[in-house]
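There are 2 protein chains.
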Amino acid sequence: MKSVGINGYGTIGKRVADAVSAQDDMKIVGVTKRSPDFEARMAVENGYDLYISVPERESSFEEAGIKVTGTADELLEKLDIVVDCTPEGIGAKNKEGTYEKMGLKAIFQGGEKHDQIGLSFNSFSNYNDVIGKDYARVVSCNTTGLCRTLNPINDLCGIKKVRAVMVRRGADPGQVKKGPINAIVPNPPTVPSHHGPDVQTVMYDLNITTMALLVPTTLMHQHNLMVELESSVSVDDIKEKLNETPRVLLLKAGEGLTSTAGFMEYAKDLGRSRNDLFEIGVWEESLNIVDGELYYMQAIHQESDVVPENVDAIRAMLEMENDPSKSIQKTNKAMGIL
Amino acid sequence: MKSVGINGYGTIGKRVADAVSAQDDMKIVGVTKRSPDFEARMAVENGYDLYISVPERESSFEEAGIKVTGTADELLEKLDIVVDCTPEGIGAKNKEGTYEKMGLKAIFQGGEKHDQIGLSFNSFSNYNDVIGKDYARVVSCNTTGLCRTLNPINDLCGIKKVRAVMVRRGADPGQVKKGPINAIVPNPPTVPSHHGPDVQTVMYDLNITTMALLVPTTLMHQHNLMVELESSVSVDDIKEKLNETPRVLLLKAGEGLTSTAGFMEYAKDLGRSRNDLFEIGVWEESLNIVDGELYYMQAIHQESDVVPENVDAIRAMLEMENDPSKSIQKTNKAMGIL
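Respectively, the protein sequence lines represent chains A and B.
Following UniProt numbering, the numbering of the first sequence begins with 1 at its first residue and continues without gaps.
Following UniProt numbering, the numbering of the second sequence begins with 1 at its first residue and continues without gaps.
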């Protein structure tokens, strides 16, 4: 039973904590918070030992009636590995300032720069390259979404070139200080966007160009893919391949799943914790091949799709499982992933 | 001075009425309305004679204190050409049921089906093919937007293939019964969308595939273009060509025009009537050529970009001007188009 800690119990951290707790070969020793907010209170209510990142603030947690077990440094001493879910840019500082000095293995999130962590991870793309490593970054939600469907397609028939236009949610549902409210924002306004190179940190030889924008929605990202194929296959071949791929769901607009809102409603009806959709949803009707080029549309739940990848990364880095498909299967079963 | 009437004084109709009125070679004889709403009242206040489509409703206009000049049929008798701006599908019925029987020339909007009208129109693509014709359809706002930039690029260096992902506004600013409010909607959920074939109704030989979706915004559509070029040019060549193309504006995100909302703010500051942006706005920073493929992002003001095309279509169909560039120049000057 490996000991895991979560540094930063926020949007991703709280989900990874629950996903780790659901496994039978690892456990959460504790989680960290900076402020005595509702998430800190609920961490304790959910049974997690709470450690604080800023020791001077202990009294504010006491005043709020939130039980503190110790400081973040005390937590880190007890771990086999830490999953760093701190805000963008903080993870890289923690690596240099803390984890490396302690000799503690650490997993980072997609907000960190690949170059600063040195190694990126996706369960389906490069699990084997991360086995036993000390530091790795789980690629962002968008990149994870691209890898999830491009990997099996590449395995099936090879990919010459990918073009993808990524229509991203402006903010997460709880974020009230971000926009846009009523605009479409090229983000970045330059082409190609950074997402293509980010995919290449785990699918090393893929020829991919991406464009990205932000729109006024909070639910999910949506991707529009155009994939030139190496060898000839049918749409049915692609459907069959995606159907047998873990963490990918073919969903039918014809059954009322006409939008990202429909996908989220589906996740609610599945009884998922926090209404999470860990799988990438592909609109079945959108799959089409014209002149050797595959077209499809998919949706990505930005708050949760990377969560099972974090669990797999723990197994790879702690050498608990050297077969990616076995880790994926184990993670999925424990989390109830379809 | 040619006599023009507007059948359907709504979003497009009221703008075409003002654009025709601004020209020195044509005039508005009258406009039609079905209901005594604020647009009917303002038509009269703006000096247009109002004709009613449903004669039985005359008393309701009287009760509302809105002056009626006559019936729609009476208006049509006085015209050299009618611009039909009625809701989607009504135009084709009017063509068969009314205009053809009267022998009245008519222009339709992009909501009508190409096959039912028989001929489509874009000022830059096929003006010459519409000269003297009785019926033509100005292609939709999205198709007009694609033609505006693809035509000059095709002229400059030839186009092998176009891929476009079109992120469309969910509703116009005044429409309160349409969505989505918080979702991304593949629309259609099948690929390719109908926009590619629609472009081919005016750019006959263009190889183009399109994907389309709806997002929760009311201001403008946004297009993401990937254009494989026939011959080698530089980004500066493309910029120069687009800069000299009428009804296309290169706008800089770096100058604060970071979104469709920025473009609309710019139109306001230009002092445009109804804040219209008749030009297609291309984000200058998005222009890039990688491996012989041109990438760019553009924004389309769905309420107004087709308006100058309607004016040019009048000149072509009434054989008032056989040189497209002269009509475009004349229309633009009268409308204050950049």
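Beta carbons: idealized from backbone N, C-alpha and C, even for Gly.
According to DSSP, what are the bridge partners of residue i?
i      : result
P186/B : L213/B
E293/B : E228/B and V290/B
A106/B : V82/B and Y135/B
S120/B : R137/B
I66/A  : None; I66/A has no bridge partner.
G281/B : L249/B and A299/B
Quick one: residues in its chain with C-beta nearer than 7 Å to the C-beta of residue i, no 5 flanking neighbours on either side, listed in chain order?
i      : result
E58/B  : I52 and V68
N182/B : P216
T143/B : G110, H195, D198 and V199
E240/B : none
M26/A  : M1, K2, V4, V20 and I314
S286/B : Y295, Y296 and M297
E279/A : R247, V248, L249, I337 and L338
Does DSSP put residue i in a helix, a strand or coil?
i      : result
H301/B : coil
H221/B : strand
N7/A   : strand
V235/A : helix
G179/A : coil
I208/A : strand
K2/B   : strand
E16/B  : Residue identity differs from the one stated: residue 16/B is Val in this sequence, not Glu. Helix at V16/B.
A334/A : helix
D37/B  : coil
D312/B : helix
R272/A : coil
K326/A : helix
The beta strand (DSSP E) with residue i in it runs from where to where?
i      : result
I52/A  : L50 to I52
Y135/B : Y135 to V138
F61/A  : Run containing F61/A: none in the beta strand (DSSP E); it sits in the alpha helix (DSSP H), E58 to E63.
M320/B : Run containing M320/B: none; DSSP gives neither H nor E here.
M166/B : I159 to R169
G30/B  : M26 to K33
L251/B : V248 to L251
Please return the same chain residues whose Cβ sits closer than 6 Å to the Cβ of residue i, not counting the five positions on each side in sequence.
i      : result
N192/B : For clarity, residue 192/B is Pro in the given sequence; the question names Asn instead. Here the set comprises T209 and T210.
P186/B : L213
L251/B : L257 and G281
N126/B : V202
K177/A : none
S120/B : H114, R137, V139, T201 and V202
G13/A  : I6 and C85
I117/B : F108, Y135 and R137
Cα-Cα, which of the options is closest to residue i?
i      : options                           : result
Y9/B   : S3/B, I28/B and D24/B             : I28/B
T218/A : P246/A, R169/A and N224/A         : R169/A
Y99/B  : K14/B, H114/B, S123/B and A72/B   : A72/B
R272/B : A17/B, I6/B, I337/B and G179/B    : I337/B
V20/A  : T11/A, V4/A, T32/A and S35/A      : V4/A
A212/B : M203/A, N322/A, Y204/A and M226/A : M226/A
S140/B : C85/B, E62/B and P324/B           : C85/B
T201/A : P173/A, V235/A and D129/A         : D129/A
G292/B : A334/B, V176/B, G158/B and I328/B : G158/B
A22/A  : N7/A, D312/A, E319/A and G103/A   : D312/A
M297/B : G13/B, H114/B, A316/B and V167/B  : V167/B
V248/B : K268/B, G145/B, S325/B and N207/B : G145/B
E63/A  : D37/A, E321/A and G47/A           : D37/A
T260/B : E45/A, E279/A, I184/A and E96/A   : I184/A
A164/B : K133/B, C147/B and N46/B          : C147/B
D49/B  : P55/B, A40/B and R15/B            : A40/B
S327/B : D269/B, I131/B and K268/B         : I131/B
Excluding the five sequence neighbours on either side, which residues of its own chain have a C-beta within less than 8 Å of the C-beta of residue i, listed in chain order?
i      : result
E74/B  : Y51
M264/B : L219, M220, N275, L277 and H301
L229/A : I153, C157, G158, I159, K160, I289, G292, E293 and L294
N94/A  : N7, D84, T86 and A106
L206/A : L150, N154, I159, V162, V199 and Q200
K78/B  : S3, G5, V29 and G30
V44/A  : L50, I66 and K67
P308/A : A19, S123, R247, F278, I328, T331, N332, M335 and I337
S60/B  : S35 and P36
In terms of residue numbering, what span does the alpha helix (DSSP H) encompassing residue i cover?
i      : result
E77/A  : A72 to E77
K93/A  : I90 to N94
K268/B : T260 to D269
N46/A  : No alpha helix (DSSP H) contains N46/A, which DSSP labels as neither H nor E.
N128/B : Y127 to V130
H195/A : H195 to V199
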